[in-house]
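Engineer: Right, I'll just put the structure down here and ask away after.
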Amino acid sequence: MSVDRRSFLLRAGAGLALAGSPVESLAASGPTLPQPSAHEALATLLAGNARFLADKATCPPLTARRLELANGQNPFAIVVSCSDSRVPVETVFDQPPGSIFGVRVAGNFVDTHGLGSIEYSVASFKSPLILVLGHSACGAVKATVQFLKDGTKQPGDIQSLIDAIAPSARAADHNGDWVANATARNVHDTIAALASRSSIVASALKAGELAIAGGVYDLHSGKVTVIT
Amino acid sequence: MPFRNRPATPDEALARLLEGNRRFVDGAPRAPVPSAERIELASGQNPFAVVLGCSDSRVPIETIFDQQPGDLFVVRIAGNFVSDDGLASIEYAIAVLSCELVVVLGHTACGAVQAALQSIEDGTRFQGHIQRLADAIAPAANRARTLDGDWYDNAIIENVRDSASSTLGRSDIVSAAVKGGLVRVVGARYDLRSGQVHLVE
Numbered sequence: 015m016s017v018d019r020r021s022f023l024l025r026a027g028a029g030l031a032l033a034g035s036p037v038e039s040l041a042a043s044g045p046t047l048p049q050p051s052a053h054e055a056l057a058t059l060l061a062g063n064a065r066f067l068a069d070k071a072t073c074p075p076l077t078a079r080r081l082e083l084a085n086g087q088n089p090f091a092i093v094v095s096c097s098d099s100r101v102p103v104e105t106v107f108d109q110p111p112g113s114i115f116g117v118r119v120a121g122n123f124v125d126t127h128g129l130g131s132i133e134y135s136v137a138s139f140k141s142p143l144i145l146v147l148g149h150s151a152c153g154a155v156k157a158t159v160q161f162l163k164d165g166t167k168q169p170g171d172i173q174s175l176i177d178a179i180a181p182s183a184r185a186a187d188h189n190g191d192w193v194a195n196a197t198a199r200n201v202h203d204t205i206a207a208l209a210s211r212s213s214i215v216a217s218a219l220k221a222g223e224l225a226i227a228g229g230v231y232d233l234h235s236g237k238v239t240v241i242t
Numbered sequence: 069m070p071f072r073n074r075p076a077t078p079d080e081a082l083a084r085l086l087e088g089n090r091r092f093v094d095g096a097p098r099a100p101v102p103s104a105e106r107i108e109l110a111s112g113q114n115p116f117a118v119v120l121g122c123s124d125s126r127v128p129i130e131t132i133f134d135q136q137p138g139d140l141f142v143v144r145i146a147g148n149f150v151s152d153d154g155l156a157s158i159e160y161a162i163a164v165l166s167c168e169l170v171v172v173l174g175h176t177a178c179g180a181v182q183a184a185l186q187s188i189e190d191g192t193r194f195q196g197h198i199q200r201l202a203d204a205i206a207p208a209a210n211r212a213r214t215l216d217g218d219w220y221d222n223a224i225i226e227n228v229r230d231s232a233s234s235t236l237g238r239s240d241i242v243s244a245a246v247k248g249g250l251v252r253v254v255g256a257r258y259d260l261r262s263g264q265v266h267l268v269e
């Protein structure tokens with residue numbers, strides 16, 4: 015879906031109750047703007063990643079875009095990703111403001127508040143796609159594997175990140191590249207947790223209004239590989 | 069190390085962010101980083117600031133501060149409050165990556181803050197875990213109700229203040245770094261219409 019088409023959709027939706035209140039549409043399940051299919055949403059993200067890879071990122075007209083969006087958002091994808099500074103999501107997918115509802119925590123897993131954030135976008139904006147995005151050489155995953163190998167603990171609350179990722183790392187294949195295996199397993203487990211812990215996500219999946227994909231971003235190549 | 073020159077102090081870090089926001093407001097962002105620089109970053113990251121922002125699609129952090137890959141460690145949650153795992157991520161950014169600045173960034177017309185107001189005003193209970201967002205913001209929203217001016221605007225600002233102070237209050241790592249002059253924690257609000265980031269004192 016092109017930026018132009020989305021701009022049109024946003025304008026077309028200007029008469030809806032978006033201006034005052036995304037919450038109203040959330041509470042009442044009121045009218046929402048048209049969204050692409052999950053398949054189209056994923057294709058849009060991957061096309062943007064291809065532009066990023068080719069050093070052909072678009073430079074969107076930011077000011078016009080900002081003013082269009084001031085009255086409401088209509089993100090077509092929810093991306094759950096890592097806080098790592100090398101994985102700026104909108105840059106990696108070459109998407110302008112308004113496209114991606116972003117949930118970011120070190121290690122790209124979901125806690126209760128992350129889940130609430132995702133549910134908010136599913137319920138309010140009918141975002142058709144959730145993409146859980148891990149990345150190579152993730153510091154949180156590396157620290158978790160280290161912890162499992164020799165018990166190295168992290169200071170302060172940082173250990174809670176390791177504890178959250180540990181079940182995935184433990185279940186991942188220790189042979190070969192344990193960190194890469196744990197990264198993929200963490201993506202799969204996060205996806206499973208979304209459906210099992212959230213009735214909003216589960217019912218949208220069942221109704222065919224939502225799909226969940228998993229991917230891994232390679233820090234060297236810049237490429238996002240869809241793994242599920 | 070292959071990293072671009074990094075600000076030497078928390079104040080310089082803040083100035084760099086505000087300069088970037090000025091470029092964004094002016095519609096004159098820098099050119100994208102060529103892939104060669106991206107590949108250099110693959111060996112390690114060295115972000116100078118950690119930003120706790122909202123999940124709202126209209127507030128893409130790196131875009132509004134016009135910063136490049138490797139510059140900002142980013143935590144995003146609807147309502148930009150401090151969750152347990154968000155706090156752990158911020159601690160990681162300070163203890164492991166030596167970030168010099170923590171920015172808590174709220175924004176105008178925040179849906180999560182509005183949910184908190186609605187929940188307080190008429191007892192609305194949102195479905196699923198969404199109510200947990202409203203509950204997390206409720207203390208700031210309740211306090212804002214007693215202030216002069218617009219409740220919604222004040223709640224957005226009070227929520228930023230609460231997040232900034234609880235980042236400090238709940239974390240020994242953050243408070244020790246601030247006490248040692250290594251880190252500054254600031255609150256700010258992004259205006260969806262003007263694109264400007266204003267500091268909240």
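Protein chains in written order, with this note's numbering: chain A, 15 to 242; chain B, 69 to 269. Beta carbons are placed, not taken as given, at the ideal position from N, Cα and C, and that holds for glycine.
#1: Taking 8 Å as the cut-off, decide whether the C-beta atoms of L185/B and A146/B are in contact.
#2: Would you please verify whether the beta carbon of T126/A is less than 8 Å from any beta carbon of chain B?
#3: Quick one: does H175/B have its CB under 8 Å from some CB of chain A?
#4: Determine the direct distance from the alpha carbon of D240/B to that of I179/A, and round the result to whole angstroms.
#5: For S43/A, count neighbouring C-beta atoms within 10 Å of its own C-beta (all shown protein chains included) and say buried if the count is 16 or more, exposed if not.
#6: Excluding sequence positions up to five away, which residues of its chain have a Cβ less than 8 Å from the Cβ of G236/A?
#7: Closer than 8 Å, CB to CB, is S231/B near chain A or not?
#8: Drop a sphere of 10 angstroms on the beta-carbon of R100/A, count the other beta-carbons inside from all chains shown, and report buried for 16 or more, exposed for fewer.
#9: Measuring CA to CA, which of T77/A, R199/A, A71/A and K70/A is closest to N89/B?
#10: Pick out whichever of L60/A, I92/A and T72/A has its Cα sitting closest to the Cα of L145/A.
#11: In chain A, which residues lie less than 7 Å from L140/B when you measure between Cβ atoms?
#12: Using the C-alpha atoms, what's the distance from E108/B back to P70/B?
#13: Quick one: what's got a C-beta closer than 8 Å to E133/A's C-beta in the same chain, skipping five residues either side?
#14: By Cβ distance, which residues of its chain are closer than 6 Å to D187/A, with the 5 residues on each side in sequence left out?
#15: Taking any Cβ of chain B, which residues in the stretch 215 to 239 of chain A have a Cβ under 9 Å from it, in chain order?
#16: Would you kindly check if the distance between the Cβ of A52/A and the Cβ of L143/A is under 8 Å?
#17: Do D69/A and the ligand GDP come close, with the Cβ less than 7 Å from some heavy atom?
#18: Give me, in chain order, the residues of the same chain whose beta-carbon lies closer than 8 Å to that of L40/A; leave out the 5 immediate sequence neighbours on both sides.
#19: Less than 8 Å between the beta carbons of D69/A and P97/B, yes or no?
#20: Looking at the unbroken beta strand (DSSP E) that takes in H188/A, where does it start and where does it end?
#21: Could you confirm whether any beta carbon from chain B is found closer than 8 Å to the beta carbon of I241/A?
#22: So, for W219/B: in the same chain, excluding its five sequence neighbours on each side, which residues have a beta-carbon less than 7 Å away from its beta-carbon?
#23: Assuming T176/B and I224/B form a contact by the criterion Cβ under 8 Å, report the distance between their Cβ atoms to the nearest whole angstrom.
#24: The alpha helix (DSSP H) spanning R65/A covers which residue range?
#25: State yes or no: is the beta carbon of R90/B nearer than 8 Å to at least one beta carbon in chain A?
#26: At which residues does the beta strand (DSSP E) containing A117/B begin and terminate?
#27: I'd like to know whether the C-beta of A42/A is nearer than 8 Å to at least one C-beta of chain B.
#28: Can you tell which of A151/A, A71/A and I114/A has the C-alpha that lies nearest to the C-alpha of V321/A?
#29: Return the residue from the list A227/A, P48/A, E54/A and N85/A that minimises the CA-CA distance to D259/B.
#30: Which residue's Cα is closest to the Cα of P181/A: Q160/A, D203/A and K167/A?
#31: Starting from the C-beta of Q87/A, find all residues in its chain whose C-beta is less than 6 Å away, skip the five residues before and the five after it, and write them out in chain order.
#32: Quick one: Cα of G129/A to Cα of P137/B, how far?
#33: Please report whether the beta-carbon of T331/B lies at a distance below 8 Å from any beta-carbon of chain A.
#34: Put H127/A into one of helix, strand or coil per three-state DSSP.
#35: Among V142/B, F133/B, V127/B and L140/B, which residue has its Cα nearest to the Cα of L81/A?
#36: Give a yes or no on whether the C-beta atoms belonging to F90/A and S174/A are separated by under 8 Å.
Structural biologist: According to the data block:
#1: It is not a contact, given that the beta carbons lie outside the stated cut-off.
#2: Taking a beta-carbon distance threshold of 8 Å, T126/A counts as an interface residue toward chain B.
#3: Answer no: the Cβ-Cβ gap between H175/B and chain A never drops below 8 Å.
#4: The alpha-carbon atoms of I179/A and D240/B are separated by roughly 23 Å.
#5: Low confidence applies here, because S43/A scores a pLDDT of 42, under 50, leaving its location unreliable; read the following figure in that light. S43/A comes out exposed.
#6: N63, F66, L67 and V106, listed in sequence order.
#7: Output row for S231/B: interface = no.
#8: Under a 10 Å Cβ-count criterion, R100/A is classified as buried, with 16 or more other Cβ atoms of the shown protein chains found around its own Cβ.
#9: Per the Cα distances, T77/A.
#10: Put simply, of L60/A, I92/A and T72/A the residue whose alpha carbon is nearest the alpha carbon of L145/A is I92/A.
#11: The contacting residues are S99.
#12: Any answer about P70/B is weak, because its pLDDT of 41 lies below 50 and its placement is not dependable; what the coordinates show is given next. Their Cα atoms are separated by approximately 6 Å.
#13: Counting only Cβ-Cβ distances below 8 Å, and skipping sequence neighbours, we find S212, I214 and V215.
#14: These residues qualify, in order along the chain: N195.
#15: So the close ones are V215, D232, L233, H234, S235 and G236.
#16: Closer than 8 Å, so yes.
#17: As for the ligand GDP, it is missing from this structure, which has no ligand bound.
#18: Bear in mind that the predicted position of L40/A carries a pLDDT of just 48, short of 50, making it unreliable; the figure below should be weighed with that in mind. Taking L40/A as the centre and dropping the five residues before and after it, the same chain places the C-beta of Y134, A137 and S138 closer than 8 Å to its C-beta, in chain order.
#19: No, Cβ-Cβ distance for D69/A and P97/B is not below 8 Å.
#20: Counting along the chain, H188/A sits inside no beta strand (DSSP E), nor does DSSP assign it H or E at all.
#21: Chain B contact via Cβ: absent.
#22: Here the set comprises L185, A212 and R213.
#23: Confirmed, about 7 Å.
#24: For R65/A, the uninterrupted alpha helix (DSSP H) segment begins and ends at A52 to L67.
#25: Interface annotation, R90/B: not in contact with chain A, CB-CB separation never under 8 Å.
#26: Annotation for A117/B: the continuous beta strand (DSSP E) segment containing it runs A117 to G121.
#27: The predicted position of A42/A is uncertain, since its pLDDT is 38 and thus under 50; a value taken from the coordinates is nonetheless stated next. Not an interface residue.
#28: The displayed coordinates of chain A run from 15 to 242. Any statement about residue 321/A would go beyond what the structure contains.
#29: Here the closest residue by C-alpha is N85/A.
#30: Minimum Cα distance to P181/A is reached at D203/A.
#31: The beta carbon of Q87/A sits closer than 6 Å to those of G112, all from its chain and outside the five residues before and after it, given in chain order.
#32: With the sequence shown as reference, residue 129/A is identified as Leu, and Gly is not the correct amino acid for it. Rounded to whole angstroms, L129/A to P137/B spans 26 Å at the Cα level.
#33: Lying before the first or after the last residue shown, residue 331/B is absent from chain B, which here runs from 69 to 269.
#34: Of the three classes helix, strand and coil, the one that applies to H127/A here is helix, per DSSP.
#35: Distance check between L81/A and each of V142/B, F133/B, V127/B and L140/B places V127/B closest, using alpha-carbon atoms only.
#36: Contact: no.
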